[in-house]
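Q: Residue numbers (this note's numbering): 930 to 1428.
There's a structure below that I have some questions on.
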Ligand SMILES: Cc1cc2nc3c(=O)[nH]c(=O)nc-3n(C[C@H](O)[C@H](O)[C@H](O)COP(=O)(O)OP(=O)(O)OC[C@H]3O[C@@H](n4cnc5c(N)ncnc54)[C@H](O)[C@@H]3O)c2cc1C
């Protein structure tokens, strides 16, 4: 790959991103669609994506590693809810074991990709973050494994009076390595997965930690080590024990999600009872653990072995449900009139969604406006040929969907070759589509829905967020259906669609 050349380097498949999804995509490609040339462009200098970026104390998964791990490579660690460093190591080890590490070109941020119908290929432009050089290459297929949020900036509302606060304000996405909270009064603003992870971790050293939440979340405790996995691993080889535990967890989480949607009152009551059991007598569960929405309207928070509840029980941390009125010199004034003392304020206020890692797409020079497109099987975009985006489930582990998509791409590539096609382009449903791409009420999703593709009312345009359904659809379902068109070389040149 060089700059300013007339004939840029060509690869069959270009994978964007070397996180959990990108490394998985490369492994699948090598195993299920071998013989193709490929490269991985990664804007950072390391493998791991999310699990390399986030460095706050206690950073961990909030889903179990038997489903967050790859289907094709068992998770062997004893922890079911794993820390960030272990997950990063697992991704790195996978890359090394499958020999995909050498295919990664670090410090390459993909800026844009333009599809040429005549040539049936993409021209991709990237910028090197280490040298500033602009790099061009061509490819026949793009697999965008660029995650779903901005890496350079977390979501951070501005609070009145911030300038007067004399302590330190920290966002978890940009954690200062040398931050020392020993003996300090810490306020964590937020109630999502990051806040509930930070509170018990910081409470070990801090004087006191207060979790300040405007709106409570549903929080459930999960065993940090899977009891079934522990038994099976002592009796069966890892390759047998892993899928059994994986399927057990898929079925349990699907059951919990489906019951939450169909019988919300029952699940609400169950979560309340489980929560109350882990808190001291008289704890105000109805204020601090009673969200004004139903379970799974927003992502459910899981905590390993009830660590958050234990910290609250021991009095090392407390929860305040209130709204920030303004920051003061020594802390935070709340709308209720109360004041929270703080030496350090942590704004666990979330992420900024970024579709396709900020890549601009165009077809024959015409810019693609994602908001006018419709997603096909939750992984391709109407009107955009030979392009997949890997977006995991919002109601289950990300990798369950990523694995399905990465395998499906290989089926599709093999099908194109076998049939003599050069391109596969999804079309929008004839009746139109106007449902939002994601149906989570969470702030970070709602803030960005307008920029995302829509989803249709029926298969293959409907995003079911249901692994059991998707397994059938993606592993063995038809590749040729009413949502997909295929182009032959001559048709690619004339822009016609194969019959
Ligand atoms: C704190 C946190 C905890 C999470 N916990 C869980 C969990 O427990 N379970 C779960 O299912 N999900 C969880 N998620 C979601 C999580 O992001 C996924 O689990 C998974 O890590 C996504 O992997 P990915 O490779 O698709 O994306 P990422 O991990 O985001 O990796 C994307 C990679 O693409 C690169 N990239 C992006 N844009 C470009 C570009 N334009 N050019 C080149 N490279 C680019 C990035 O640098 C990065 O390396 C969590 C997310 C966060 C932020």
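Just so you know, even glycine gets a beta-carbon here, dropped at the ideal spot from N, CA and C.
None of the values given here were measured: they were computed from a predicted structure.
In the structure shown, what three-state DSSP assignment does residue 976 receive?
A: The answer is coil: DSSP assigns residue 976 none of H, G, I, E or B.
Q: Going by Cα to Cα distance, which pick from 1192, 1382, 1328, 1416 is closest to residue 1344?
A: Residue 1416 is the option with its Cα nearest to residue 1344.
Q: According to DSSP, is residue 1232 helix, strand or coil?
A: Reduced to three states, the DSSP call for residue 1232 is strand.
Q: Let me confirm a value: residue 882 is counted as buried when at least 16 other C-beta atoms fall within 10 Å, else exposed. Which label applies?
A: Because the chain is modelled from 930 through 1428, residue 882 falls outside the range shown and cannot be assessed.
Q: Is it the case that the Cβ atoms of residue 1396 and residue 1341 are separated by a distance below 7 Å?
A: Contact: no.
Q: What residue range is occupied by the uninterrupted beta strand (DSSP E) comprising residue 1097?
A: First-last of the beta strand (DSSP E) with residue 1097: 1097-1099.
Q: Does DSSP put residue 1019 in a helix, a strand or coil?
A: Note: residue 1019 maps to helix in three-state DSSP.
Q: Tell me, please, whether the stretch 1065-1076 touches the stretch 1000-1007 by the rule of three or more beta-carbon pairs shorter than 8 Å.
A: As far as the Cβ criterion goes, the stretch 1065-1076 does not touch the stretch 1000-1007, which means the pair count is below three.
Q: Helix, strand or coil for residue 1008, going by three-state DSSP, please let me know.
A: In the structure shown, residue 1008 sits in coil (DSSP, three-state: anything other than H, G, I, E or B).
Q: Distance check for residue 1304 and residue 932, CA to CA, integer angstroms please.
A: Residue confidence for residue 932 is low, a pLDDT of 46 falling below 50, so the modelled location carries little weight; the figure read from the coordinates is stated next. When rounded, the distance between both Cα atoms is 34 Å.
Q: Alpha carbon to alpha carbon, what distance is there between residue 1184 and residue 998?
A: Approximately 20 Å between the Cα atoms of the pair.
Q: With respect to 6 Å, is the separation between the Cβ of residue 983 and the closest non-hydrogen atom of ligand 1 below this value?
A: Yes - ligand 1 has a heavy atom lying nearer than 6 Å to the Cβ of residue 983.
Q: For residue 904, which residues of its own chain have a beta-carbon under 7 Å away from its beta-carbon, when the five flanking residues on both sides are left out?
A: No answer is possible for residue 904: it lies beyond the span of the chain, which begins at 930 and ends at 1428.
Q: Do you know whose CA, among 957, 1039, 1140, lies nearest residue 945's CA?
A: Comparing Cα-Cα distances from residue 945 to each of 957, 1039, 1140, the minimum goes to 1039.
Q: Can you tell me whether residue 1176 sits near ligand 1, meaning its C-beta is under 6 Å from at least one heavy atom of the ligand?
A: No, the beta carbon of residue 1176 sits no closer than 6 Å to any heavy atom of ligand 1.
Q: For residue 1249 and residue 1154, what's the separation of their Cα atoms in angstroms?
A: In a straight line, the C-alpha of residue 1249 is about 30 Å away from that of residue 1154.
Q: The alpha helix (DSSP H) with residue 938 in it runs from where to where?
A: Where residue 938 is concerned, there is no enclosing alpha helix (DSSP H), although the beta strand (DSSP E) it sits in stretches over 938-945.
Q: Quick one: give me the first and last residue of the alpha helix (DSSP H) that residue 995 is part of.
A: Taken as a continuous stretch (DSSP letters only), the alpha helix (DSSP H) holding residue 995 covers 994-997.
Q: Is the stretch 946-954 close to the stretch 969-982, with three or more CB pairs under 8 Å?
A: They touch, by the three-pair rule.
Q: Could you check the C-alpha separation between residue 1426 and residue 1414 for me, to the nearest Å?
A: Any reading at residue 1426 must be qualified, since the residue scores a pLDDT of 49, below 50, and its modelled position is unreliable; no value is offered.
Q: Taking the alpha carbon of residue 1028 as the point to measure from, which residue in 1337, 955, 1098, 1057 has its own alpha carbon closest?
A: It is 955 whose Cα lies nearest to the Cα of residue 1028.
Q: Is the shortest distance between the beta-carbon of residue 1285 and the beta-carbons of chain D less than 7 Å?
A: Of the protein chains in the structure, only one exists, and it is not chain D.
Q: Measuring only the C-alpha atoms, how far is residue 995 from residue 1009?
A: Distance between the alpha carbons of residue 995 and residue 1009: 7 Å.
Q: Comparing the CB of residue 956 with every heavy atom of ligand 1, is any distance shorter than 6 Å?
A: Not so, every heavy atom of ligand 1 lies at least 6 Å from the Cβ.
Q: Buried or exposed, going by whether 16 or more other CB atoms sit within 10 Å of the CB of residue 1140?
A: Classification of residue 1140: buried, given that the 10 Å Cβ count is 16 or more.
Q: Can you look up residue 1338 in the DSSP assignment and give me helix, strand or coil?
A: Three-state DSSP puts residue 1338 in a helix.
Q: Run the proximity test for residue 971: is its beta-carbon closer than 6 Å to any non-hydrogen atom belonging to ligand 3?
A: Absence of ligand 3 from the depicted structure is noted, with ligand 1 being the only ligands included.
Q: Would you check if the stretch 1377-1386 and the stretch 1289-1308 touch, i.e. whether three or more CB-CB distances between them fall below 8 Å?
A: Touching, per the Cβ criterion.
Q: Helix, strand or coil for residue 1047, going by three-state DSSP, please let me know.
A: Reduced to three states, the DSSP call for residue 1047 is coil.
Q: For residue 1260, report the span of its alpha helix (DSSP H) as first-last.
A: Here residue 1260 belongs to no alpha helix (DSSP H); instead the beta strand (DSSP E) covers 1260-1263.
Q: By the three-class DSSP mapping on this structure, what secondary structure does residue 949 have?
A: Three-state result, residue 949: helix.
Q: Please classify residue 932: does DSSP put it in a helix, a strand, or coil?
A: Caution is warranted here: a pLDDT of 46 is assigned to residue 932, below 50, making its placement in the model unreliable, and the coordinate value is therefore given only provisionally. Reduced to three states, the DSSP call for residue 932 is coil.
Q: DSSP three-state call for residue 1069: helix, strand or coil?
A: Strand.
Q: Please tell me whether, using a cut-off of 6 Å, the distance from the CB of residue 1446 to the nearest non-hydrogen atom of ligand 1 is below it.
A: In the structure as shown, the chain begins at 930 and stops at 1428. Residue 1446 is therefore absent and cannot be evaluated.
Q: Using the Cα positions of residue 1286 and residue 1319, report the straight-line distance between them to the nearest angstrom.
A: Distance between the alpha carbons of residue 1286 and residue 1319: 11 Å.
Q: In chain order, which alpha helix (DSSP H) runs of at least 4 residues are fully inside the stretch 1348-1396?
A: Runs found: 1372-1375.
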